[in-house]
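There are 2 protein chains.
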Amino acid sequence: MYTETAMLGLDVPLRASERAYRQLRGEILNGLLAPGAALLEVEQAERIGVSRTPLREAVARLIADGLVVGRRGRGFEVTDISVDSISELYELRQALEVQAIRLAATRREPAPFLKLRDAFVTAPELLDQGDIGVHRYYVLIDELEDAVDAAVENPFLVGALRAVRTHLARIRRLARRNPMRLRAAASEHLLIIDAIIAGDPSLAAHATHIHLHQSLLSVLATIDEDSATGVNPALVD
Amino acid sequence: MYTETAMLGLDVPLRASERAYRQLRGEILNGLLAPGAALLEVEQAERIGVSRTPLREAVARLIADGLVVGRRGRGFEVTDISVDSISELYELRQALEVQAIRLAATRREPAPFLKLRDAFVTAPELLDQGDIGVHRYYVLIDELEDAVDAAVENPFLVGALRAVRTHLARIRRLARRNPMRLRAAASEHLLIIDAIIAGDPSLAAHATHIHLHQSLLSVLATIDEDSATGVNPALVD
DNA sequence: GATCGCTATTGTGTATACAGAAACCGCAAT
DNA sequence: ATTGCGGTTTCTGTATACACAATAGCGATC
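Chains as they are written, first to last, in full-length UniProt numbering: chain S, 1 to 237; chain Y, 1 to 237.
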């Protein structure tokens, strides 16, 4: 077992380009670098503590991720998020997740989903426990996504899903948390899990379709409210 | 109209990194750089005539495209294509194209598809005209894809589709051309176009599903034959 | 007072130099 | 003969220096 270092987080000193990439990516996802923010090479390189060469590599990866766009001539800037782009992202998300869930239900390996089922059954109780409970609920969702990814066994599809989730993370920051919605979402997830366990691809697909439909409605609704009350100046469009 | 230079191909001298990217990408797609081929920085930089810095940027983009993978320590190599990966790619392709076609049919702007319809009606005649006709048929397919992309109006979805098409281009090189299949494919395309024109998303989606199903069967069949007769040593797995 | 042009500054694009790490080869020892 | 060890070499990762392009600011002219 000589891969033990890979199991742990990060014993190995990361390459400078990797550090720069993770830091910038993290700062964009959590909103520290707001949409539209300008990225100057020298400035960012100094701030992060790497030279321009690895920083450029990091920015190139961010551009490939769609988190950053190059401005003609004058540096780069963080991609901004419009309401339109949220609906567009969900059009892609729906295609990918429906396919992924359908395949997961087809594979007929219910073991990991049986454990998740137990967890999601008790999710409503979790959501009564305040912020810490909500956080543990999100961890549960991550585990569900991981289980689906593992069941799908398709690097192309999983890769595309990961890209979508990256953008979703930014959107979730804009949409206020709605406890009612989370409770409803939990039961929608439970239905999806049950369909996977039952090996019913069609049911799983339709349940996913509905779940994402409700999710988008909820996101758009909270954003509409907030933009009406001026809470989210980030969303002009 | 000061964007006229953008309309033409390439008046502006391209950046070295862009040149390197396009050249390497092209060579990978047309098989000149075979799957598994090693890419050494210095060697490739000299060959293309750029220095290592822009070449590294180009390779980084190729890695993001999934055309190249980094080998631990010793350079990079061109991603290889397995039969499994073809089926996996089609699982993703199906999700994306079905969604794209469905959306295109929903948008209800039949104008560009009416022109394409005429072209596809005469496609069988085209396919009787040998290699030049086959080439023009492929151009037609490109135009159909472009029309769908334009109708969909969704950068996320179109971006994911482009990534898939990149990998498809490599696979097409492996699958021998089958005139019978092309003729069948043309009529499948016609059905899809008609469904879009009719504004029938469900019909369009199902027609696409079937088209891709047949396409995958055809690809896998020709590859099986070839690997049995040893024509395609690239496909070991 | 406004507009045009020049210049200075700033920032990117590229090349190259240097350091560190990993693989290869040869040698020796078991 | 095989395996382990060390030197050597080659390649990557990073920093830095230089050249070119673009922009902004300022001044001059109309």
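Note that CB positions come from ideal geometry on N, CA and C, so glycine has one too.
Among residues of its own chain, excluding the 5 on either side of residue i, which ones have a beta-carbon nearer than 6 Å to its beta-carbon?
i: Y:Arg93; result: Val164
i: S:Leu14; result: none
i: Y:Leu144; result: Leu116
i: S:Glu97; result: Thr208
i: S:Leu140; result: Ala119
i: Y:Arg19; result: none
i: S:Ile196; result: Ala104, Ala105, Phe113 and Ala204
Can you tell me where the alpha helix (DSSP H) with residue i in it begins and where it stops?
i: S:Glu41; result: Glu41 to Ile48
i: Y:Gly26; result: Ala16 to Leu29
i: S:Glu188; result: Pro179 to Ala198
i: Y:Gly130; result: Gly130 to Val152
i: S:Arg56; result: Arg52 to Asp65
i: Y:Gly159; result: Pro155 to Leu174
i: S:Ser85; result: Val83 to Arg107
i: S:Pro35; result: Segment: none, S:Pro35 is in no alpha helix (DSSP H) and carries neither H nor E.
Exposed or buried, what is residue i when buried is set at 16 or more other beta-carbons lying within 10 Å of its beta-carbon?
i: Y:Val50; result: buried
i: Y:Leu55; result: buried
i: S:Glu43; result: exposed
i: Y:Ser82; result: exposed
i: S:Ala160; result: buried
i: S:Arg74; result: exposed
i: Y:Ala147; result: buried
Please name the residue in the options whose C-alpha comes closest to that of residue i.
i: Y:Leu116; options: Y:His213, Y:Leu168, Y:Leu67 and Y:Tyr138; result: Y:Tyr138
i: Y:Ala150; options: Y:Ala204, Y:Ser202, Y:Ala45 and Y:Arg108; result: Y:Arg108
i: Y:His213; options: Y:Ser87, Y:Leu24 and Y:Ile63; result: Y:Ser87
i: S:Val69; options: S:Pro201, S:Tyr90, S:Asp226 and S:Leu39; result: S:Leu39
i: Y:Val219; options: Y:Arg47, Y:Gly75 and Y:Leu168; result: Y:Leu168
i: Y:Ala184; options: Y:Ile48, Y:Glu125 and Y:Ile197; result: Y:Glu125
i: Y:Asp224; options: Y:Ala20, Y:Asp84, Y:Glu41 and Y:Ala16; result: Y:Asp84
i: S:Ala119; options: S:His189, S:Val78, S:Ile81 and S:Gln23; result: S:His189
i: S:Gly21; options: S:Ala198, S:Thr53 and S:Thr222; result: The amino acid at residue 21 of chain S is misidentified as Gly; the sequence shows Tyr. Here the closest residue by C-alpha is S:Thr53.
i: S:Arg102; options: S:Ala221, S:Arg173, S:Ser202 and S:Ala228; result: S:Ser202
i: Y:Ala175; options: Y:Ala123, Y:Leu62 and Y:Ala221; result: Y:Ala221
Just the Cα atoms here: how many angstroms apart are residue i and residue j?
i: S:Ala105; j: S:Ala205; result: 9 Å
i: S:Ala95; j: Y:Glu46; result: 43 Å
i: S:Asp142; j: S:Arg170; result: 16 Å
i: residue 307 of chain S; j: S:Phe113; result: The structure shown does not extend to residue 307 of chain S, since chain S spans only 1 to 237, so no value can be given for it.
i: Y:Tyr90; j: Y:Gly26; result: 22 Å
i: Y:Ile132; j: Y:Ala186; result: 16 Å
i: S:Ile28; j: S:Asn154; result: 28 Å
i: Y:Ser215; j: S:Leu191; result: 34 Å
i: S:Asp80; j: S:Gly31; result: 11 Å
i: residue 238 of chain S; j: S:Val78; result: No answer is possible for residue 238 of chain S: it lies beyond the span of chain S, which begins at 1 and ends at 237.
i: Y:Ala111; j: Y:Ala64; result: 36 Å
i: Y:Ala16; j: Y:Asp226; result: 39 Å
i: S:Arg136; j: S:Arg173; result: 17 Å
Grab me the residues of residue i's own chain with a C-beta within less than 8 Å of its C-beta, minus the 5 sequence neighbours each way, in chain order.
i: S:Val158; result: Ala100, Asp149 and Val152
i: S:Arg177; result: Val134
i: residue 240 of chain S; result: Residue 240 of chain S is absent from the structure shown; chain S starts at 1 and stops at 237.
Over what stretch of residues does the beta strand (DSSP E) that includes residue i continue unbroken?
i: S:Glu77; result: Phe76 to Val78
i: S:Gly70; result: Val68 to Gly70
Please list, in chain order, all residues of the same chain as residue i whose beta carbon is under 7 Å from its beta carbon, the five residues on each side excluded.
i: Y:Val59; result: Leu39, Val68 and Phe76
i: S:Arg181; result: Ser218
i: S:Gln23; result: Ile48
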